[in-house]
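Input: a single structure, listed below in structure tokens.
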Amino acid sequence: MNSPVTVHLPLGTAKVAARSLSVHYGEKHALQSVDLEIRAGEVTALIGPSGCGKSTFLRCINRMNDMVDGARVSGSLTLDGSDIYDRSLDVVQLRARVGMVFQKPNPFPKSIYDNIAYGPRIHGLARNQDELDEIVMTSLERAGLLAEVKDRLTESGTGLSGGQQQRLCIARAIAVGPEVILMDEPCSALDPIATAKVEELIDDLRDNYTIVIVTHSMQQAARVSQRTAFFHLGKLIEVGDTEQIFTNPQQPLTQGYITGRFG
Amino acid sequence: MEEQVHTVKSYDGELGHLTGIIARMGGMAEAQFASSLHALARRDEALAQRVIEGDARIDELDKEVQSFAVRLLALRQPMAVDLRQIVGALNISGEIERVGDYAANLAKRSLVLHHVGVSVPVAGVVRLGDLVRGLLKDVLDAYLEKDVAKALGVWSRDEEVDAMYNGVMQDLITLMTEDSGTITAATHLLFIAKNIERIGDHATNIAEALHYQILGTSPAGSRPKGNTVGGPE
Chain A
1 MNSPVTVHLP LGTAKVAARS LSVHYGEKHA LQSVDLEIRA GEVTALIGPS
51 GCGKSTFLRC INRMNDMVDG ARVSGSLTLD GSDIYDRSLD VVQLRARVGM
101 VFQKPNPFPK SIYDNIAYGP RIHGLARNQD ELDEIVMTSL ERAGLLAEVK
151 DRLTESGTGL SGGQQQRLCI ARAIAVGPEV ILMDEPCSAL DPIATAKVEE
201 LIDDLRDNYT IVIVTHSMQQ AARVSQRTAF FHLGKLIEVG DTEQIFTNPQ
251 QPLTQGYITG RFG
Chain X
1 MEEQVHTVKS YDGELGHLTG IIARMGGMAE AQFASSLHAL ARRDEALAQR
51 VIEGDARIDE LDKEVQSFAV RLLALRQPMA VDLRQIVGAL NISGEIERVG
101 DYAANLAKRS LVLHHVGVSV PVAGVVRLGD LVRGLLKDVL DAYLEKDVAK
151 ALGVWSRDEE VDAMYNGVMQ DLITLMTEDS GTITAATHLL FIAKNIERIG
201 DHATNIAEAL HYQILGTSPA GSRPKGNTVG GPE
């Protein structure tokens, strides 16, 4: 695949590291001094009730919070050891390295082909049409969508089913050669079959990408992730191997949340 | 936190129902085992018969636990302590069901023993039975009280059972060696002793399952074993 050089770290080393990371939205202290390492080559699930800070944490990693008025970030957050909030850092480049998939599939009102080709074009990743074709095909293949759309690449991306649209968005994120993929409730608008396909895709993708997923479905977190972090009221309460978190959590708050005994 | 109720309150009722069935099963298995020992000690054929017939009720409750637990797994998709409680119920119910089977088998053999017509001393076997009854009672109490320390006590006392079982076996072998006329009766008694020893093993299995249910871990280290000629675990 024609993409920027991907930094391959040994499995389990910290790809993204937060140290005393805090976020304020105006007066609201949305994230309170979080220390958390996201390991390379793993899927990390962020769970917790609404307003717990999990999405805020996710949006720090590709600086989506920059767009929120009154948002202030303090502490440190690094990608491969480099400060994500360094003033000299090019946010566009950061977002090519850290891709994002949203709750609602949001394909561009363009052809399936152009949805994927858009990013590589603006980042100048292909020298000619053949290379661009190659990126589009590889991305669709990796997103498990190629077989379903290969004969209709010129049709609009918005004409696909919801599940196909979400996989198109994943293909679009992959096309610019990211190292990290952030997923914010990627299946909450999908039916169970489409959800299963995306979950299977996540499992395939983790060989090549570090994935962070926010989900309200505890079963989904248990199925797709290797590490799980539980947030509550802006604080990281517990992080551990997913199996341990779901069978034998150490914190009473975690236990209360995942067993449905909350408040 | 365990005492805190679920947001879906009927879930608490369902978990309570599951524990309730296990409690009933445990009580019945204890009674069946005690009765089978009485029937052996007092040569009470009618009581032995009642034990044999009574086993079907424990089996029914075991099936009820299995199907109710499967239903809970499917409907509630339990996590953490709830998951461990339901998996624990499945395991413990199976163990209690086996205790019931051994008690019924003991009762059957006590009838056969009675009909053999040769008298062999049963006091040693009954003493072994009383020791194991104590373990079974303690582990079932530990289940209801969610008492890990009590469960661990049962787990480590299985050694005493093995030692006493070995003594009983030696006595019976000596008896058979000295008087070949006792071989039929003593062999039945030997099987009875083995059944009792197995009930002790099931009590320790329950203790282990309970330890996992409450703490999420197996008891540390291997269980002390006093039986060097024991069969498979």
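Going down the list, the protein sequences come from chains A and X. Here the first sequence is numbered in the UniProt record's numbering, starting from 1 and rising by one per residue. Here the second sequence is numbered in the UniProt record's numbering, starting from 1 and rising by one per residue. Backbone N, C-alpha and C fix where the C-beta goes; we use that ideal spot for every residue, glycine too.
- About 5 Å separates the beta carbon of A:F230 from that of A:E238, a gap short enough to meet the 8 Å contact definition.
- In this structure A:G75 is in contact with A:R19, their Cβ atoms being roughly 6 Å apart against a cut-off of 8 Å.
- Counting the other Cβ atoms within 10 Å of the Cβ of A:D191 gives fewer than 16, which makes it exposed.
- The residue among A:R152, A:G157, A:I170, A:T154 with its C-alpha nearest the C-alpha of A:G144 is A:I170.
- By the rule that beta-carbons nearer than 7 Å mark a contact, X:A151 does not touch chain A.
- X:I58 and X:R98 have their C-alpha atoms spaced approximately 9 Å apart.
- Per DSSP, reduced to three states, the secondary structure at X:G181 is helical.
- Rounded to whole angstroms, A:V180 and A:R39 show a C-alpha spacing of 10 Å.
- Closer than 7 Å to the CB of X:A80 there is at least one CB belonging to chain A.
- A:I258 reaches chain X at M79, A80, counting residues in chain order whose Cβ is nearer than 8 Å.
- A:P249 reaches chain X at A80, counting residues in chain order whose Cβ is nearer than 7 Å.
- Contact annotation for X:R57 against chain A: no contact, minimum CB-CB distance about 33 Å [criterion: below 7 Å].
- The secondary-structure analysis by DSSP pairs A:R19 across a beta bridge with A:S76.
- Around A:R227, no beta-carbon contact reaches into chain X at under 8 Å, the shortest distance being about 16 Å.
- In the three-state scheme derived from DSSP, where H, G and I count as helix and E and B as strand, A:D35 is classed as strand.
- Interface with chain X (7 Å Cβ-Cβ cutoff): A:R261 is included.
- Note: A:F230 is bridge-paired with A:I47, A:E238 in the DSSP secondary-structure output.
- The DSSP-derived three-state label of A:G162 is helix.
- By the Cβ-count criterion, A:L153 is buried, with 16 or more other Cβ atoms from all chains shown falling within 10 Å of its own Cβ.
- C-alpha of A:I193 to C-alpha of A:D203: approximately 16 Å in a straight line.
- Interface annotation, A:F246: in contact with chain X, CB-CB separation under 7 Å.
- DSSP places A:V214 in the strand class (E or B) of the three-state scheme.
- For A:V101, the enclosing beta strand (DSSP E) covers residues 98-101.
- The Cβ of A:Q219 sits closer than 7 Å to at least one Cβ of chain X.
- For the pair A:N115 and A:P105, the Cα-to-Cα distance works out to about 12 Å.
- Rounded to whole angstroms, the gap between the alpha carbons of X:G200 and X:A193 is 11 Å.
- By the neighbour-count definition (other C-beta atoms within 10 Å, threshold 16), A:I122 is an exposed residue.
- Closest in C-alpha terms to A:E27, from the list A:T44, A:R59, A:V73, A:V16, comes A:V73.
- For X:E45, same chain residues with a beta-carbon under 8 Å away, outside a window of 5 residues either side, are A39, L111, H114 in chain order.
- It is roughly 11 Å from the alpha-carbon of A:Y118 to the alpha-carbon of A:I135.
- Residue environment: X:R42 is assigned as exposed (fewer than 16 neighbouring CB atoms within 10 Å of its CB, all protein chains considered).
- Under the 7 Å criterion on CB atoms, X:T7 is classed as interfacial with respect to chain A.
- Annotated three-state conformation of A:L125 is coil, per DSSP.
- Within 7 Å of the CB of X:L83, the CB atoms of chain A belong to T247, in sequence order along the chain.
- Taking a beta-carbon distance threshold of 7 Å, X:Q213 does not count as an interface residue toward chain A.
- Secondary structure in the region 141-212 of chain A: the alpha helix (DSSP H) runs of 4 residues or longer, each lying completely within the stretch, are 146-149, 162-175, 192-205 in chain order.
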